[in-house]
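Trainee:
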Amino acid sequence: MPAQQFDELLLLNRLQEALKQWHNPDQDVPLDRTLPYLTRKTKATLYEKAGNKLPITNQLLFDLLEALNEINTEAATLLKARYIDDKTGFAVANSLGISESGFYRRRREALRALAELAHKLETDIQTTHITRLKNRLEPSSYSQLFGSAEQRQKLVDLLHSQPDIRLFCLTGIGGIGKTSLADAIARDLIDMGSFEEIVWITARQQQLAPWGEIQPTEKPIMTTEQFVQALDLQLRDQPVPPQPIDRILPALKLQMTRQSHLIILDNLETAADYRELLPILRELGQSAWCLLTSRVNLHEHGDVHTTNLAELDLTSAEALVRDEARRRGIDELADAPAETIEDIHRIAGGNPLALKLIIGQVQVRSLPRVLIDLSEARGQQVEALYEFIYRQAWDLLDDTTRRVFIAMPLAAQPGTTLAHLAAVTGIEEEALYPALDLLIRLSLVDVGGTIAERRYSIHRLTETFLHKQVLKWMC
Numbered sequence: 213m214p215a216q217q218f219d220e221l222l223l224l225n226r227l228q229e230a231l232k233q234w235h236n237p238d239q240d241v242p243l244d245r246t247l248p249y250l251t252r253k254t255k256a257t258l259y260e261k262a263g264n265k266l267p268i269t270n271q272l273l274f275d276l277l278e279a280l281n282e283i284n285t286e287a288a289t290l291l292k293a294r295y296i297d298d299k300t301g302f303a304v305a306n307s308l309g310i311s312e313s314g315f316y317r318r319r320r321e322a323l324r325a326l327a328e329l330a331h332k333l334e335t336d337i338q339t340t341h342i343t344r345l346k347n348r349l350e351p352s353s354y355s356q357l358f359g360s361a362e363q364r365q366k367l368v369d370l371l372h373s374q375p376d377i378r379l380f381c382l383t384g385i386g387g388i389g390k391t392s393l394a395d396a397i398a399r400d401l402i403d404m405g406s407f408e409e410i411v412w413i414t415a416r417q418q419q420l421a422p423w424g425e426i427q428p429t430e431k432p433i434m435t436t437e438q439f440v441q442a443l444d445l446q447l448r449d450q451p452v453p454p455q456p457i458d459r460i461l462p463a464l465k466l467q468m469t470r471q472s473h474l475i476i477l478d479n480l481e482t483a484a485d486y487r488e489l490l491p492i493l494r495e496l497g498q499s500a501w502c503l504l505t506s507r508v509n510l511h512e513h514g515d516v517h518t519t520n521l522a523e524l525d526l527t528s529a530e531a532l533v534r535d536e537a538r539r540r541g542i543d544e545l546a547d548a549p550a551e552t553i554e555d556i557h558r559i560a561g562g563n564p565l566a567l568k569l570i571i572g573q574v575q576v577r578s579l580p581r582v583l584i585d586l587s588e589a590r591g592q593q594v595e596a597l598y599e600f601i602y603r604q605a606w607d608l609l610d611d612t613t614r615r616v617f618i619a620m621p622l623a624a625q626p627g628t629t630l631a632h633l634a635a636v637t638g639i640e641e642e643a644l645y646p647a648l649d650l651l652i653r654l655s656l657v658d659v660g661g662t663i664a665e666r667r668y669s670i671h672r673l674t675e676t677f678l679h680k681q682v683l684k685w686m687c
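Read in order, the letters of the sequence shown correspond to residues 213 to 687 in the working numbering.
1. Rounded to the nearest angstrom, how far is the Cβ of V616 from that of L630, given a contact under 8 Å?
2. Between which two residues does the beta strand (DSSP E) carrying V659 extend?
3. Throw me the rounded Cβ distance for the G447 and L323 pair, which I believe falls under 8 Å.
4. Given that a residue counts as buried once 16 or more other Cβ atoms are within 10 Å of its Cβ, and exposed if not, what is K332?
5. Can you look up V452 in the DSSP assignment and give me helix, strand or coil?
6. Buried or exposed for T429, please, with buried defined as at least 16 other CB atoms from any protein chain shown within 10 angstroms of its CB.
7. Does DSSP put F302 in a helix, in a strand, or in coil?
8. Classify Y354 as helix, strand or coil using the three-state DSSP reduction.
9. Could you pull out every residue in the same chain whose Cβ sits closer than 6 Å to the Cβ of R378, ignoring the five residues on either side in sequence?
10. Rounded to the nearest angstrom, what separates H671 and D219 at their Cα positions?
11. Using CA atoms only, rank isn't needed, just tell me which of S587, E640, L371 is closest to L474.
12. With DSSP collapsed to three states, give me the class of T518.
13. Where do the ends of the beta strand (DSSP E) carrying T414 lie?
14. Write down every uninterrupted run of the alpha helix (DSSP H) in the segment 314 to 376 whose length is 4 residues or greater and which is fully enclosed by it, in chain order.
15. Just checking, does the segment 502 to 520 make contact with the segment 540 to 552 on the three C-beta pairs under 8 Å criterion?
16. Suppose contacts are defined by Cβ-Cβ distances below 8 Å. Is L608 in contact with L654 by that definition?
17. Is the CB-CB distance between L276 and A287 below 8 Å?
18. Could you compute how far the alpha carbon of R348 sits from the alpha carbon of V533?
19. Hey, T269 and P242 are a contact pair by Cβ (cut 8 Å); roughly how many whole angstroms apart?
20. According to the Cβ coordinates, are I460 and Q441 closer than 8 Å?
21. Taking the continuous beta strand (DSSP E) assigned at I433, which residues delimit it?
22. For the alpha helix (DSSP H) that T637 lies in, which residues bound it at each end?
23. Please report the straight-line C-alpha distance between L701 and R319, rounded to a whole angstrom.
24. Any contact between the segment 549 to 561 and the segment 515 to 531? By contact I mean 3 or more CB pairs, one from each, below 8 Å.
25. Which whole-angstrom value is the C-beta distance of T613 and L650, which I expect to be below 8 Å?
26. Using a Cβ-Cβ cut-off of 7 Å (strictly less than) and excluding sequence neighbours within five positions of R252, which residues of its own chain qualify?
27. Entirely within the segment 559 to 624 and at least 3 residues each: give me those beta strand (DSSP E) ranges in chain order.
28. Report all residues from its chain with a CB closer than 8 Å to the CB of I310; omit the five preceding and five following residues, and keep chain order.
29. Let me check understanding here. Comparing Cα to Cα, which of E260, P237, L326, D298 lies closest to E278?
30. Taking Y295 as part of the alpha helix (DSSP H), name the residues at either end of that continuous run.
31. Looking at the strands, I want to know which residues DSSP matches up with Y668.
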């Protein structure tokens with residue numbers, strides 16, 4: 213039997229089993245695995261309902277029968293009479309003026325109609341739910357992940373099971389792919405329907421002077437109050453003015469006890485950030501799950517499940533280089549001999565962002581020249597290697613393109629539009645196109661959004677290096 217028909221038959225039988233137990237609450241047949249989204253919706257409705265409440269399964273069935281009555285009164289009437297009014301098949305047949313065999317035939321048809329309606333409603337709710345949660349995520353900066361499939365699957369399975377462990381953290385050096393992996397995990401969990409609510413919050417400074425240098429600070433990038441307000445804002449259907457934390461927090465905690473929540477906090481980078489936010493994360497973690505990304509390792513915190521991201525091995529790095537080169541139309545590099553990829557990996561290591569930056573330079577400089585220049589940075593710390601790569605890219609930019617690049621940190625996520633960038637830089641839109649094209653080809657700027665409205669942004673590491681070095685580079 214085809215899989216789809218089997219699923220429909222399974223749903224039909226499950227609904228009939230649940231209807232048979234309408235008057236036997238001790239023998240309740242849960243529908244949370246068969247109709248998870250409808251079950252969640254019913255549960256949420258019951259929380260808001262005052263007075264006498266039906267059991268969740270019965271309320272779900274009652275709502276389905278009411279909806280069925282709108283499109284097929286005969287089917288709804290028959291099922292209500294048989295199961296809710298608890299009449300025998302013979303009695304229902306008599307009331308409808310049909311034979312008992314006719315009743316059983318009509319019951320099968322009515323159950324099939326109920327199953328089809330339930331399937332449609334479930335699918336509609338699922339589609340709306342997935343769209344709503346994915347709209348909270350930032351645009352993906354990757355087309356495919358390399359070298360992290362095992363870690364990704366392990367964490368997806370673990371979070372899907374909603375374990376006793378509540379705090380999870382992805383750690384690793386800048387550019388290693390922490391944000392991309394967190395994004396992929398979030399999308400997997402959304403598609404699986406693992407959580408009723410998933411929230412994505414990025415802990416990054418939103419106002420940066422384009423000509424200034426970031427100085428080390430002991431202050432957290434996001435305060436507890438800002439974090440709670442950001443959390444509350446995402447979870448509301450309609451925007452509201454920020455409220456004091458003592459008014460928001462109790463309502464958030466109550467909501468999280470009623471619905472499963474996953475909070476993703478990206479770019480929690482410093483010890484100051486953790487001192488500020490770990491207490492509130494632990495407090496919310498009494499009922500929610502949290503996934504963090506950071507360059508700071510949290511192994512000393514026993515209640516945090518830490519996953520450290522290592523650099524790509526040669527096999528994964530080769531796959532990334534060839535895929536990226538092919539997407540950029542650099543066929544010579546995409547089809548290069550293995551020895552060429554080995555040279556790149558030996559000099560640049562297996563950091564995904566570093567590899568993409570190198571590929572970007574190959575679009576405007578010869579690969580041998582890039583590798584010769586990079587060999588000067590061989591053996592240095594990854595930060596020094598990045599500084600070297602960014603400086604090489606900076607030297608390839610004309611004055612207009614540099615102005616655009618310097619203005620990019622002013623673009624809040626999910627990125628800036630062309631019109632906004634023109635207003636910030638004072639550069640005409642027509643002149644922005646070649647500048648953005650070069651920045652994109654050099655992997656200094658990411659492009660996302662939709663075909664109707666493109667948005668431009670930069671990697672957090674690019675932003676940091678830009679502000680640390682720009683004054684030196686402009687001298």
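Glycine residues also receive a C-beta, built at the ideal position from the N, C-alpha and C atoms.
On a predicted model such as this, the values are computed, not experimentally measured, just so you know.
Mentor: With the given structure in hand:
1. Actually they are not in contact, since the Cβ atoms of V616 and L630 sit about 11 Å apart, beyond 8 Å.
2. 658 to 661
3. Here residue 447 is Leu; the residue named in the question, Gly, does not match the sequence. So it is not a contact: roughly 38 Å between Cβ atoms.
4. exposed
5. coil
6. With a pLDDT of only 48 at T429, under 50, the local geometry of the prediction cannot be trusted, and the value read off the model is given with reservation. So T429 counts as exposed.
7. helix
8. coil
9. G497, W501
10. 44 Å
11. L371
12. strand
13. 409 to 414
14. 361 to 372
15. no
16. yes
17. no
18. 30 Å
19. 6 Å
20. yes
21. Run containing I433: none; DSSP gives neither H nor E here.
22. 630 to 637
23. Beyond the ends of the chain as shown, which are 213 and 687, falls residue 701; an answer cannot be given.
24. yes
25. 5 Å
26. E408
27. none
28. R318
29. L326
30. It is not in any alpha helix (DSSP H) - Y295 carries neither H nor E in the DSSP assignment.
31. T628, V659
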